[in-house]
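Protein chains in written order, with the numbering used here: chain F, 1 to 238; chain D, 239 to 826. Yeah, the Cβ is synthetic: ideal placement off N, Cα and C, and Gly gets one too. Read through the structure below, which is laid out as structure tokens, and then see the notes.
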Amino acid sequence: MNTDLYHVSVYRFNPEVDKKPYMKNYQVKASDCKGVMVLDLLEAIKQHHDPTLSFRRSCGEGVCGSDGMNINGKNGLACITPLSDLEGKVIKLRPLLSFPVVRDLIVDLSQFYKQYESVQPYLQNDTMPAKENVQSYEERKVLDGLYECILCACCTSSCPSSWWNMDKFLGPSALLWACRFIMDSRDTETMARLEDLQGLYRLFRCRGVGMCRDVCPKGLNPTQAIHDIREKMLRDAV
Amino acid sequence: MPIQQQSFDVIIVGGGGAGLRAALQLSQANKRVAVISKVFPTRSHTVSAQGGINAALGNTDGRDDWRWHMYDTIVGSDYLGDQDAIEYMCQHAPEAVYELEHMGMPFSRNQQGKIYQRAFGGQTQDFGGDLVHRTCAAADRTGHALLHTLYQQNIKSKTIFFSEWYAVDLIQDEQQNVTGVLAIDIASGTLGVFSAQATVLATGGAGQIFYTTTNAYTNTGDGLGMVLRANLPLQDMEMWQFHPTGVLGAGVLITEAARGEGGYLINNKNERYMERYAPHLKDLSCRDVVSRCSMIEIREGRGVGSEGDHVLLKLDHLDAKVLNEKLPGIVALAKTFAGVDPSKEPIPVTPTCHYMMGGIPTDRFGQVVKLNAQGEDECVRGLYAAGECASVSVHGANRLGANSLLDIVVFGRSVGVAIISSLEQNKQQASPITEAQIEAASQRILRLRKTQEGEQVAHLRTVMQKIMQEHFGVFRTEEVMAEGLVQLKAVYQRVGHTKLSDTSQTFNTELIEALELENLILVAMASAELALARQESRGAHARIDFPNRDDENWFKHSLYYIDGKQGQRPVNMRPSMVDPFPLKERKY
Ligand SMILES: Cc1cc2nc3c(=O)[nH]c(=O)nc-3n(C[C@H](O)[C@H](O)[C@H](O)COP(=O)(O)OP(=O)(O)OC[C@H]3O[C@@H](n4cnc5c(N)ncnc54)[C@H](O)[C@@H]3O)c2cc1C
Ligand code: FES
């Protein structure tokens, strides 16, 4: 898209005044955008068209996970999605699917955070060496691709298994975190962690659809992590 | 509707590294601690930190010493850092880093399975000798690794969080002691009063006063505004660090680790110019030095591009393995924000506002100090500060890279320790908060909800940011700053008359941004006034009209009050374990 004017259609909903959500169109001058990302477009709308538009943002560089949203049908972070990458005449911005909308592009992530907390996302190891725990270069390398999650919820929001079983299935993000601690050579509770993921739902509702991997703005692969946990369950059970 | 009151042992405003480290100390000691954060904690700015955290572990070089680290920090600060606090920080650095590792922080590892340490600017062996590898890193995502680990530990220790609550103002009793804060639940618009025997401000930086900055949108200096409105001073606000390698235009940071891993800066003649200015440490000289050199290159016509407005950071000579393993985040950022693949082309960069060395003055234990009638330090009862919002001061006039993550964990912890012992000594409850005190703290919200006619928030913010950008950059002169100050004062007046288009209660981000702007403009005024007043060049404060450091007249901290009054405090030269380091000329 190469244009001086962006045509944008944004999901609007303010529970205090709107009976139901609606899409609102804006035409935004490229020169009103401070940068070249979708977030710059949202800031331009807020500054030059409509200060009531509500969305979250913090870091502006794809590391805090505040501005996960649905951009032209695909989940991503507004701050690192270049406007030039978007196809079609109109840019469509919607809140993350499957979470309750608080207002406009802001969703309620309480359930998502609960899932995260339920996997005990902290290292369990009671030994206190005088210096650091030794962890070999190779052992640490296993964590690459597992620890970088920014809790933006883009994956969980695009996962069909999560849509239907939000309360029982942990969803890709929480499972990636579970995997990060299961695979950490320093953690002493591996067996208990694996045990905790047994049953029909918590982990096993994953159908391997892979949407999570396709949308992750950090290039992480929860599908693989879930697969690796399953393998480990099988191996360690024998 | 009456405003609901809740009472805790301790309130922490801020869920970044400093706030979370303090919270952990307190909740592990079974104190009732509430963390109020305007963003979900892991979205705090600490998450953006890239390069690492300093501690003299000697894992790479086989030798290091916290006293060398102390020396480097003092010299780096251009002697404006307080030597008692710097000593404390450097001495406790190894312990702080090991503690993070024990909590599960996924540090990168060397071949011996120890924490990986890289080179960073201004870090030497033997008091100014060869470069040392002192910066402990988790690839180039150290802040992410650190912040998530601290948040996770707080989940484990059951800290109480008020996420997406915005602290509006401090509540004070008749003696100016702090007894709590007034905050607003952003999601519902409900006001709440939080009372406690101790309140900790850990609200982070304020880089949003500049138009181009590496800082998050949320770095708006809220704690600093709250302190000024409580008639307490801010310290050394003229000291703003410009990082040499912000991506041109976007302002996104390319960590100093890029140079630590072997990258270097070049001008339009392909010359590695830092060799000329600083033959010893070259590209790994302190940030104030490198940023000034880059600006000189640009001003003297050796800048790159059709405007000649930037320089280049060259990384394409580095091994692909180094780029992919040590700097993966940087490779991605460069592609996204500069459109270049750093393994093939250099990255266009320019000095960019990055870090606030000044802040809320505290003693070594994080207790906020003010000057009494005799001009001596006096603690403000009930109020503590830690992290980037505080001025302990370990960074003085120029911070060493990777010393801030260290600052936030060391002093986050020590604030917690200090509060625990003060709670134990002093069992009496804080005096109850009165309606009148709550009303005093609610004034700003009441005004905003009432005002029908006035100016728009986002527009005024941009105007302020551009003034700061143009008048208070890397090089400063009386004339340019004075003109900037006049313009700022006009904006200050206008900020008092902002009006909201958004009148709803639910997640009203315009209301929050209006409150933030009132803090930003105060921070900008403090920075501008003190920059104009300090007639010397020291650290990041470089005056063309006063090019030298003037120890006779300016070897002191400067203070600023909301009414424009200024004051001074002596620099602490009393470390307890070693002799003080005497003032010398800085050379790299
Ligand atoms: C891009 C970048 C890279 C960096 N890299 C490094 C590095 O490699 N090494 C290093 O040492 N330093 C680095 N720094 C500096 C360092 O990251 C910061 O100085 C440090 O993280 C600040 O931590 P903090 O806890 O003080 O504040 P923050 O992490 O900014 O947290 C502030 C907290 O206060 C809360 N808050 C603020 N105002 C309010 C309010 N009114 N009400 C409620 N809550 C509020 C916020 O929600 C947030 O939780 C970097 C900085 C940047 C910009
Ligand atoms: S604003 Fe932080 S991820 Fe986009």
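Its chain contains no residue whose beta carbon lies nearer than 6 angstroms to that of Asp-126/F once the 5 sequence neighbours on both sides are disregarded. Assignment of Ala-425/D by DSSP, reduced to helix, strand and coil, places it in the coil class. Contact between Thr-590/D and Gly-489/D holds, since their C-beta atoms are separated by about 5 angstroms, short of 8 angstroms. Restricting attention to Leu-220/F, Cys-154/F, Ser-58/F and His-7/F, the CA atom closest to the CA of Ala-30/F is found in His-7/F.
At least 9 angstroms separates the CB of Arg-651/D from every CB of chain F. Runs of the alpha helix (DSSP H) spanning 4 or more residues and lying entirely within the stretch 494 to 549 of chain D occur at 495 to 498, 512 to 515 and 525 to 535, in chain order. Among the residues of chain D, those whose CB is under 7 angstroms from the CB of Gln-135/F are Arg-347 and Gly-351, following chain order.
Closest in C-alpha terms to Ala-78/F, from the list Lys-19/F, Gly-88/F and Leu-96/F, comes Leu-96/F. At least 9 angstroms separates the CB of Gln-111/F from every CB of chain D. For Arg-281/D, at least one C-beta of chain F is nearer than 9 angstroms to its own C-beta. Taking C-beta separations shorter than 8 angstroms and ignoring five residues to either side along the sequence, the partners of Leu-384/D in its chain run Gly-255, Thr-284, Ala-287, Ile-291, Leu-338, Met-343, Ala-376, Leu-643 and Val-647, following chain order. Using a CB distance below 7 angstroms, the part of the stretch 23 to 55 of chain F facing chain D consists of Gly-35, Lys-46, Gln-47, Pro-51, Thr-52 and Ser-54, ordered along the chain. Residues of the same chain with their beta carbon placed closer than 7 angstroms to that of Gln-198/F are lacking, with the five preceding and five following residues left out of the count. Between the alpha carbons of Arg-281/D and Thr-458/D lies a distance of about 15 angstroms. Within chain F, the residues Tyr-122 have their CB atoms less than 7 angstroms from the CB of Gln-391/D, given in chain order.
Sequence-distant Cβ neighbours of Gly-210/F in its own chain, meaning closer than 6 angstroms and more than five residues away, are Thr-223. Residue side-chain check: Tyr-455/D places its Cβ nearer than 8 angstroms to a non-hydrogen atom of ligand 2. Just measuring C-alpha positions, the residue of Arg-379/D, Tyr-336/D and Phe-365/D sitting nearest Met-128/F is Tyr-336/D.
For Lys-34/F, the CB contacts under 7 angstroms within the same chain, skipping 5 residues up- and downstream, are Asp-40 and Glu-43 in chain order.
Cβ contact annotation for Tyr-22/F (same chain, cutoff 7 angstroms, sequence separation greater than five): Arg-12, in chain order. When C-alpha distances from Gln-361/D are compared across Thr-417/D, Leu-264/D, His-371/D and Asn-757/D, the shortest belongs to His-371/D. The beta carbon of Asn-165/F sits no closer than 9 angstroms to any beta carbon of chain D. Within the same chain, and ignoring the five residues on either side of Arg-259/D in sequence, the residues whose Cβ sits closer than 7 angstroms to its Cβ are Leu-388, Ile-646, Val-647, Gly-650 and Arg-651. In this structure the stretch 593 to 608 of chain D touches the stretch 460 to 479 of chain D; the number of beta carbon pairs closer than 8 angstroms is three or more. In the DSSP assignment, the residues bridged to Thr-437/D are Ile-249/D and Leu-621/D.
For Thr-456/D, there is no enclosing beta strand (DSSP E), as DSSP marks it with neither H nor E. Secondary structure note for Phe-181/F: its alpha helix (DSSP H) is the uninterrupted segment 171 to 182. Counting only residues of its own chain and dropping the five nearest sequence neighbours on each side, Arg-94/F has a CB closer than 6 angstroms to the CB of Tyr-11 and Asn-70.
A distance of 9 angstroms or more separates the beta carbons of Cys-627/D and Leu-491/D.
Not a single CB atom of chain F sits nearer than 9 angstroms to the CB of Leu-565/D.
Using a Cβ-Cβ cut-off of 9 angstroms, Ser-739/D is close to Asp-50, Pro-51 and Thr-52 of chain F, given in chain order. Segment contact: the stretch 695 to 711 of chain D against the stretch 307 to 319 of chain D, fewer than three CB-CB distances shorter than 8 angstroms; contact not assigned. Bounds of the alpha helix (DSSP H) holding Lys-559/D are 558 to 564.
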